[in-house]
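Shown next, in structure tokens, is the structure this report addresses.
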Amino acid sequence: MKTALATVTISGTLREKFEAAAKAGFQGVEIFENDLTQFDGTPKDVRRMAQDLGLDIIALQPFRDMEGMPEPMRSQKAKMLQHKIDVAHELGTNRLLFCSNVQPYSSADRDVCAADLFALAEIAKKEGIMLGYEALAWGYHIADYHEAWDLVKRVDHPNLGIILDTFHMFSRGNTLDVLRDEIPLNKIALVQVADAPSLQMDVLQYSRHFRCFPGQGDMPVVEFLQVLKDKGFDDYLSHEIFNDEFRSSSPLEKAIDGMRSLIWLDDQTVSKREEKTAPIEAPQVSDVEFIEFAIEGESGEALTNTLAQLGFHETHKHRSKNVSLMRQGNINLILNREPKSQAHEHYQKHGVSVCAMAFASENVKATLSLAERYRVERFENQAGPGELNIPALRGIGDSLVYLVSADAAVRFFEVDFKPIQGIQGETGVGLTRFDHIGQTVSNTDFLSASFFYKSVFGFDIDASQDLPDIHGLVVSRTALSKDKRVRIPLNMTNARDASAQRFIQKSKGSGVHQIAFACDDIFAAAKNIDSEKQLPIPQNYYRDIEARFGLSSDMIKKLQSHNIMYDQNDEGEFFHFYTEEVHGVFFEVIQRVGDYSRYGEANAFVRLASQARQEKK
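Each residue of the sequence shown is one higher than the last, beginning at 1 in UniProt numbering.
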């Protein structure tokens, strides 16, 4: 598979875009005409720049409203094409791309349009140029790819082919039938792959602002590529993405995201040319092994006090480092005060914060190999003699994701830590395991964060939800392991003062903002929490759930006395309470009854408002 990137996809100058594409591993670039027009140099300079970076310029685009135009516009389009062919020669490319006409005064007569395109293809033939024709999803007469294919067939010229753009195809609900049954390989001029979330809105606005890389949205891009591979396709797959966040992000970071998505897309499909007989799957993650906090000196006292009221005690000390372990049930919380460590660097930048977490993987070696394939940076840890050298990946923000073997004969703390005499590891208030870990990310990293978990760890990604904050909407989507034992809600906002943005400002970047612990008896777990450590819930909330769910007055009193919130659905019941925020992180204790699998989202607006009030005190 050959990979390319349209320059419109990422931010920066043309040189910065080329350099980012080359560093990310792309083989080619499509030049969006705006990037060329604003470039301070000649097309030949652009060609040399691409050659120096090892990039092929695979196309120049887009040219608009080329078919069905009245005179004198028709003649002007032919003259324009000749000029653009001269530019293409200077760039060293042999492909020019057209979009279907969007003008209301253009002709709807397919024969007239075919005649126009035939004349343009004749010009291209003399110059050794291939023309590609694409159905814009908002084209005035031709908006679906099967209509574009009908026109290309009518023209029947060797120098005119169809452009297949997954966004334009799937945003209009097109099936793959025409591609599968009718379009031959030699008539495909170029393939552009983009994804998008499922949204109901004007298709032009949808296209201009919400496209994303394959695997980051909801379109059937895997099925699309499988059909192409079944036909024997081996030309370029090119990204053409219009996305506000992409164009305000680091060009290199987004180029790497784009390359990761194309490799992942290729891995989800098979072809007759490949040795693999099935899609590549990420090894399963079975649990969260530990969460690690970066603290220094007495800076984490407020954190450890809150954890102590949740039943945690320091049960182990590291054998050679200033690191301790708090345990309860199957929950491991590491407190890292070591001065020469990644945790210290994290503390210097973010203060007291979560600097790492660890996943239990069924195949650590395969996960590391897949991460390398997907351009995820490895972190080289420094272990002392006789200590575990736990491999780690660069995760969200500046944090790490460690990988331990799910079937290891001994736990990490049995090797690297010594028990503290007189402390019983089983003491606590009945918390059993990590239920979910919430991470806040910037709006520019929201899609790439979820795709990190999807590609490297094989997590499923829930559809996005809007959580109403008193200062604006918070958008949330959850990454879940296949068995749903590991849940990572990801939150972001475009609102300046909403909770997600406040966290990023306080913590100086993306990171873990919420840790939820499971328990079997939430009332027992809540007994030790001082009232000032609890997130206070207003009385109106309890009056509301009493009316909505028909709860008894005794139950309402029990809930209210501990600031416990409640939800129920057809699957079961959900009880949960929150602690105050400590250094930007808050803790949640939950009890799931029956098969309830959600997160009490109906209560989120009350929780967010209460947290906002607490911050102002």
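Here a beta-carbon is modelled for each residue, glycine too, at the ideal position from N, C-alpha and C.
### Query
Do you know how far the Cα of F210 is from the Cα of L14?
Each residue's alpha carbon lies about 23 Å from the other.
### Message
So the candidates are S198, P104, P197, E274; which of them puts its Cα closest to the Cα of G232?
### Response
Nearest C-alpha to G232: E274.
### Query
Is DSSP giving D469 helix, strand or coil here?
Here D469 sits in strand by DSSP.
### Task
Please report the Cβ distance between F587 and L176, rounded to the nearest whole angstrom; I am assuming they are in contact, meaning their Cβ atoms lie under 8 Å.
Not a contact, Cβ separation roughly 47 Å.
### Query
K482 CB to nearest chain B CB: under 8 Å?
This model lacks chain B altogether; it includes just one protein chain.
#### Entry: Identity of the residue in H316, G509, N101, K533 nearest Q614 by Cα
The shortest C-alpha separation from Q614 is found at K533.
### Task
Please classify K484: does DSSP put it in a helix, a strand, or coil?
The answer is coil: DSSP assigns K484 none of H, G, I, E or B.
### Query
In three-state DSSP terms, what is R607?
Helix.
### Task
Tell whether a beta-carbon distance below 8 Å holds between D416 and E387.
Closer than 8 Å, so yes.
### Query
Hey, how far is the Cα of K321 from the Cα of R378?
If I take the Cα positions, the gap works out to 22 Å.
### Query
How far does the beta strand (DSSP E) with D287 in it reach, from first residue to last?
It spans 285–294 - the beta strand (DSSP E) in which D287 sits, taken as one unbroken run.
### Query
What number of angstroms, rounded off, separates the C-alpha of I188 from the C-alpha of I57?
If I take the Cα positions, the gap works out to 18 Å.
### Query
Can at least three beta-carbon pairs, one atom from the segment 87–100 and one from the segment 121–132, be found at a separation below 8 Å?
Below 8 Å, enough C-beta pairs join the segment 87–100 and the segment 121–132 to call them touching: three or more.
### Task
Would you kindly report the start and end of the unbroken alpha helix (DSSP H) that includes K272?
For K272, no alpha helix (DSSP H) encloses it, and the DSSP letter there is neither H nor E.
### Query
Skipping 5 residues on each side, what residues in its chain have a beta carbon closer than 7 Å to that of D267?
Excluding positions up to five away in sequence, the list reads P279, I280.
### Task
Determine the DSSP secondary structure at Y578, reduced to helix, strand or coil.
DSSP places Y578 in strand when its eight states are reduced to three.
### Task
Determine contact between the segment 187–201 and the segment 161–169, defined as no fewer than three beta-carbon pairs at a distance below 8 Å.
With the cut-off at 8 Å, the segment 187–201 and the segment 161–169 touch.
#### Entry: Contact set for G425: own chain, Cβ-Cβ below 6 Å, skip 5 residues either direction
Any reading at G425 needs caution, since the residue's pLDDT is 48, under 50, leaving its predicted position unreliable; the model's value is listed next. Cβ contact annotation for G425 (same chain, cutoff 6 Å, sequence separation greater than five): T315, R327, in chain order.
### Message
Check this for me: beta carbons of N332 and E289, under 8 Å apart or not?
### Response
Closer than 8 Å, so yes.
### Query
Should G458 and A282 be called a contact, given that it needs their Cβ atoms to be closer than 8 Å?
Yes; because the gap between Cβ atoms is below 8 Å, this pair is in contact.
### Query
With burial defined as no fewer than 16 other Cβ atoms inside 10 Å of the residue's Cβ, what is the status of Y105: buried or exposed?
By the beta-carbon neighbour count (other beta carbons within 10 angstroms, threshold 16), Y105 is exposed.
### Task
Please look up how many angstroms separate the CB atoms of F577 and I564, rounded, as I've assumed it's under 8 Å.
The beta-carbon separation of F577 and I564, rounded to 5 Å, stays under the 8 Å limit for a contact.
### Query
Do Y140 and Q103 have their C-beta atoms closer together than 8 Å?
In contact: Y140 and Q103 (Cβ atoms closer than 8 Å).
### Query
Using a Cβ-Cβ cut-off of 6 Å (strictly less than) and excluding sequence neighbours within five positions of E90, which residues of its own chain qualify?
The answer, listed in chain order, is P43, K44.
#### Entry: Proximity to P214 [Cα-Cα], best of I162, L5, G92
Comparing alpha carbon positions, the residue from I162, L5, G92 closest to P214 is L5.
### Task
Mind reading off the beta-carbon distance from D567 to N603? Whole number of angstroms is fine, and I expect it under 8 Å.
A Cβ-Cβ separation of about 6 Å places D567 in contact with N603 under the 8 Å criterion.
### Query
Around the C-beta of T277, are 16 or more other C-beta atoms found within 10 angstroms, so that it is buried, or is it exposed?
Residue burial is scored here from C-beta neighbours: T277 has fewer than 16 other C-beta atoms within 10 angstroms and is therefore classed as exposed.
### Query
Cβ atoms of A516 and G430: under 8 Å apart, would you say?
Their beta carbons are not under 8 Å apart, which means G430 does not touch A516 by this criterion.
### Inter-residue spacing [alpha-carbon to alpha-carbon] between K153 and L117
The C-alpha of K153 lies about 11 Å from the C-alpha of L117.
### Query
So what does Q328 bridge to, in DSSP terms?
Answer by DSSP bridge pairing, in chain order: I331.
### Query
If we ignore side chains and look at the alpha-carbon of each, how far apart do K272 and K229 end up?
Going by the C-alpha atoms only, they are around 8 Å apart.
### Query
With a CB to CB cut of under 7 Å and the five nearest residues on each side skipped, what residues in its chain are close to K508?
Excluding positions up to five away in sequence, the list reads K349, H350.
### Beta carbon of D520 nearer than 8 Å to that of Q439
No; because the gap between Cβ atoms is not below 8 Å, this pair is not in contact.
### Task
Please check the pair P158 and G12, which I expect to be a contact at CB under 8 Å, by giving their CB distance rounded to whole angstroms.
Contact doesn't hold; Cβ gap of about 37 Å is too wide.
### Query
Among residues of its own chain, excluding the 5 on either side of L204, which ones have a beta-carbon nearer than 7 Å to its beta-carbon?
Residues W138 of the same chain have their beta carbon placed closer than 7 Å to that of L204, with the five preceding and five following residues left out of the count.
### Task
Tell me, to the nearest whole angstrom, how far the beta carbon of I537 is from that of V606; I am working on the premise that it is less than 8 Å.
That pair is a contact at about 6 Å.
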